[in-house]
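Chains as they are written, first to last, in the working numbering: chain A, 17 to 278; chain B, 305 to 660. This report refers to the structure that appears directly beneath it.
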């Protein structure tokens with residue numbers, strides 16, 4: 017059993033709520049993720065999954081509630097601040113510049129410089145290449161030549177580069193929004209391997225996915241959203257059946273046995 | 305690389321298929337165009353375009369023509385250095401030609417002499433403003449470039465109007481300024497030190513120095529990296545924390561300054577400034593960049609490519625003069641080459657996306 021009682025909570029939300037005018041997209045979400053834990057977020061379209069993630073990553077500002085990162089309440093005024101604090105997001109639509117090579121993409125917006133001179137600071141290409149190699153090694157991503165531009169790479173390799181960012185920057189929490197939705201079978205396997213590597217390295221991950229097999233293979237816990245609320249918080253083990261999870265997603269079953277997520 | 309052993313699946317990536325640097329293709333195109341003119345020259349004129357065919361000069365090359373080829377593209381080439389950065393950024397700038405006109409007028413009016421061989425300068429713009437040190441008109445000119453380019457950048461970055469429209473407005477506006485400044489009168493008779501800026505081969509040296517400077521800046525600084533990144537994927541750049549708006553203002557401002565420098569060199573070379581100076585220069589500059597392999601879709605291209613594009617331009621103009629063909633044909637061929645270069649770029653892009 018995982019010990020959920022102690023202070024290794026990476027991120028916690030309390031009563032996290034988001035209203036768009038009269039639409040209650042997210043209502044009173046209490047959620048915790050611990051160091052090294054891999055949590056899946058599932059739910060139907062419009063159930064509040066993406067709204068939940070958008071509040072954590074500060075893409076939107078919450079209506080009320082608390083977001084606590086490593087015991088510190090946070091108020092990020094934008095996604096860049098959240099990223100600086102260590103919350104890395106891998107988006108479904110890849111946030112990569114196609115014409116640039118791998119190190120440039122990894123360090124986009126936070127380049128290492130040798131000599132500071134405002135916008136004309138001289139780049140430290142060697143340091144960025146070395147850090148890229150280290151980051152790729154950590155995630156186990158194999159890319160033949162990191163100095164090729166991203167556009168010549170497969171979708172899987174591109175997604176791997178996006179995920180490798182998190183390793184290169186020692187992020188505290190990695191959030192992946194359907195990272196394999198647009199990928200083929202082999203490429204999906206490649207991305208899943210990276211997620212396993214992150215698990216071995218005790219890195220916490222939140223994964224939004226519709227893929228039941230993927231979630232059962234890779235995740236420790238499933239948090240189900242329905243109609244803007246967290247309706248179930250289920251530990252993945254041998255006794256859990258996909259039908260049970262589907263029942264929660266569709267609302268056939270409600271999660272009385274897990275009143276609070278985490 | 306071999307220690308990265310986790311790679312799985314049937315992913316193959318043929319390193320040998322790595323594309324050649326596109327600059328090689330442009331160099332090849334340059335060589336091809338020279339070869340065509342050499343062939344036509346031998347056939348029709350009985351002499352060579354670039355080489356010393358009749359021992360008229362004491363060298364391998366026809367040095368006089370080589371100098372002319374470079375000299376005639378160097379001033380528009382300076383503008384093209386700015387156009388390169390704007391187009392890599394994913395934008396377009398139609399205003400440099402008019403900025404040249406306006407800046408030439410304004411800068412020249414601070415570079416005039418009071419007397420010409422004992423007579424008062426008949427074109428003197430401002431009484432008492434004469435015989436100033438050369439740095440004054442240079443700084444005044446650069447200020448014009450900063451203003452015009454900065455306004456372009458602010459309009460594009462913060463009001464979100466398309467670059468085409470914003471710079472079209474500046475194109476018309478700056479031309480108006482050029483005509484209004486002296487009520488249409490030419491401004492002439494600069495100081496010797498101002499006149500030196502555009503004399504002889506100085507424009508070529510200025511062009512080369514600026515090309516080397518911006519080659520370095522685009523390849524080795526954060527500014528260059530962000531320019532390519534925004535042109536490649538503006539949304540991703542913004543999500544990555546790049547200050548996209550500020551950067552756009554900076555790039556358009558630099559393009560404006562380069563147009564102003566071209567204006568200073570041009571008015572110095574001509575020893576006069578006229579309101580009609582620089583008309584259509586922006587299109588020639590854009591043509592040089594496009595021929596030089598800069599993608600109109602943004603994200604791709606280089607200063608080196610643009611310099612080669614400028615040389616191709618120069619060779620074509622000189623080649624037509626050399627073959628004693630009418631200037632009309634020159635323009636027609638220029639038009640064909642510009643469209644051809646863009647078609648080639650589209651084809652390249654399609655091939656790249658098909659490979660994914």
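All C-beta atoms, glycine included, are put in the ideal place defined by N, C-alpha and C.
Please report the Cβ distance between residue 607 of chain B and residue 515 of chain B, rounded to the nearest whole angstrom; I am assuming they are in contact, meaning their Cβ atoms lie under 8 Å.
Right, the Cβ-Cβ distance comes to about 6 Å (below 8 Å), so this counts as a contact.
For residue 111 of chain A, which residues in chain B fall below 8 Å Cβ to Cβ?
Neighbours of residue 111 of chain A on chain B, chain order: 537, 539, 540, 543, 544.
Could you check whether the region 561-580 of chain B touches the region 592-608 of chain B, counting it as contact only if at least three pairs of C-beta atoms, one from each stretch, sit closer than 8 Å?
No, the region 561-580 of chain B does not touch the region 592-608 of chain B.
Taking the beta carbon of residue 268 of chain A as the centre, do at least 16 other beta carbons fall within 10 Å, making it buried, or is it exposed?
The residue is exposed, with fewer than 16 neighbouring Cβ atoms inside 10 Å.
Could you check what DSSP says for residue 41 of chain A in three-state terms: helix, strand or coil?
Reduced to three states, the DSSP call for residue 41 of chain A is strand.
Which residues in chain B sit within 7 Å of residue 195 of chain A, going by Cβ to Cβ distance?
Per Cβ cutoff of 7 Å: no residues; residue 195 of chain A is ~15 Å from chain B at best.
Rounding to the nearest angstrom, what Cα-Cα distance links residue 310 of chain B and residue 206 of chain A in this structure?
Reliability fails at residue 310 of chain B, whose pLDDT of 35 lies under 50, so the model's placement of it is uncertain and the value that follows must be treated cautiously. Roughly 9 Å between the two C-alpha positions.
Can you tell me whether residue 167 of chain A is buried or exposed, with buried defined as 16 or more other CB within 10 angstroms of its CB?
The residue is buried, with at least 16 neighbouring Cβ atoms inside 10 Å.
From this set, B/404, B/564, B/401, B/503, which residue's C-alpha is nearest residue 443 of chain B's C-alpha?
Residue 443 of chain B has its Cα closest to that of B/564, out of B/404, B/564, B/401, B/503.
Closer than 6 Å by C-beta to residue 275 of chain A: which residues in its own chain qualify, once you throw out the five before and the five after it? Chain order, please.
With a pLDDT of 48 at residue 275 of chain A, under the threshold of 50, the modelled position of that residue is not reliable, and the figure given next carries that caveat. Contacts found: none.
Flag residue 526 of chain B as yes if its beta-carbon sits less than 8 Å from any beta-carbon of chain A, otherwise no.
Yes, contact with chain A.
Tell whether a beta-carbon distance below 8 Å holds between residue 573 of chain B and residue 507 of chain B.
Cβ atoms of residue 573 of chain B and residue 507 of chain B: closer than 8 Å.
Considering Cα atoms alone, identify which of B/653, B/394, B/377 is closest to residue 512 of chain B.
Nearest option by C-alpha distance: B/377.
Contact between the region 127-143 of chain A and the region 78-95 of chain A is defined here as three or more beta-carbon pairs at a separation below 8 Å; is this criterion met?
Flag = no, the region 127-143 of chain A and the region 78-95 of chain A do not touch.
Is the CB-CB distance between residue 222 of chain A and residue 96 of chain A below 8 Å?
Taking 8 Å as the Cβ cut-off, residue 222 of chain A and residue 96 of chain A do not qualify as a contacting pair.
Along the chain, where does the beta strand (DSSP E) that runs through residue 105 of chain A open and close?
Its beta strand (DSSP E) spans residues 103-106.
Could you check whether the Cβ of residue 478 of chain B sits closer than 8 Å to any Cβ belonging to chain A?
Answer no: the Cβ-Cβ gap between residue 478 of chain B and chain A never drops below 8 Å.
Note down the Cα distance separating residue 413 of chain B from residue 491 of chain B, rounded to an integer number of angstroms.
Approximately 6 Å, taken between the alpha carbons.
With DSSP run on the structure shown, which of helix, strand or coil describes residue 51 of chain A?
Here residue 51 of chain A sits in coil by DSSP.
Helix, strand or coil for residue 73 of chain A, going by three-state DSSP, please let me know.
Three-state result, residue 73 of chain A: coil.
Measure from the C-beta of residue 521 of chain B to each C-beta in chain A and report whether the shortest distance is under 8 Å.
Taking Cβ atoms only, chain A reaches closer than 8 Å to residue 521 of chain B, which makes this a yes.
Apart from the five residues just before and just after residue 230 of chain A, which ones in its own chain have a Cβ nearer than 6 Å to its Cβ?
Around residue 230 of chain A: no qualifying Cβ.
Do you know whose CA, among B/434, B/543, B/426, B/397, lies nearest residue 473 of chain B's CA?
Selected option, being the one with the closest Cα: B/397.
Does chain A have any CB closer than 8 Å to the CB of residue 533 of chain B?
Yes, residue 533 of chain B lies at the interface with chain A (some Cβ there is under 8 Å from its Cβ).
Quick one: give me the first and last residue of the beta strand (DSSP E) that residue 235 of chain A is part of.
From DSSP, residue 235 of chain A is part of no beta strand (DSSP E); its letter is neither H nor E.
Between the beta-carbon of residue 610 of chain B and the beta-carbon of residue 623 of chain B, is there less than 8 Å?
Contact: no.
State the Cα-Cα distance for the pair residue 321 of chain B and residue 389 of chain B, rounded to the nearest angstrom.
For residue 321 of chain B, the predicted structure reports a pLDDT of 45, less than 50, and the residue's modelled location is therefore unreliable. The matter cannot be settled from this model.
Please list, in chain order, all residues of the same chain as residue 593 of chain B whose beta carbon is under 7 Å from its beta carbon, the five residues on each side excluded.
Result list for residue 593 of chain B: 384, 387, 388, 391, 605, 610, 613, in chain order.
Have a look at residue 446 of chain B and residue 525 of chain B and give me their C-alpha separation to the nearest angstrom.
One C-alpha to the other measures close to 23 Å.
With a threshold of 8 Å between beta-carbons, can residue 655 of chain B be considered close to chain A, or not?
False, the Cβ-Cβ gap to chain A never drops below 8 Å.
Whose C-beta lies closer than 6 Å to the C-beta of residue 27 of chain A among residues of the same chain, with five residues either side of it excluded?
These residues qualify, in order along the chain: 49, 85, 189.
On the premise that residue 178 of chain A lies in contact with residue 543 of chain B, defined as a C-beta separation below 8 Å, what is that separation, rounded to the nearest angstrom?
Rounded, the Cβ-Cβ distance is 11 Å, inconsistent with contact.
What does the alpha-carbon distance come out to for the pair residue 52 of chain A and residue 208 of chain A?
The alpha-carbon atoms of residue 52 of chain A and residue 208 of chain A are separated by roughly 16 Å.
Can you tell me whether residue 54 of chain A is buried or exposed? The criterion is at least 16 other CB atoms within 10 Å of its CB, across all chains shown.
Buried, by the Cβ-count rule.
Use the C-beta contact count for residue 469 of chain B: other C-beta atoms within 10 angstroms, 16 or more gives buried, fewer gives exposed.
Residue 469 of chain B is exposed by the Cβ-count criterion.
What are the boundary residues of the beta strand (DSSP E) that includes residue 127 of chain A?
Element bounds for residue 127 of chain A: n/a, residue is neither H nor E.
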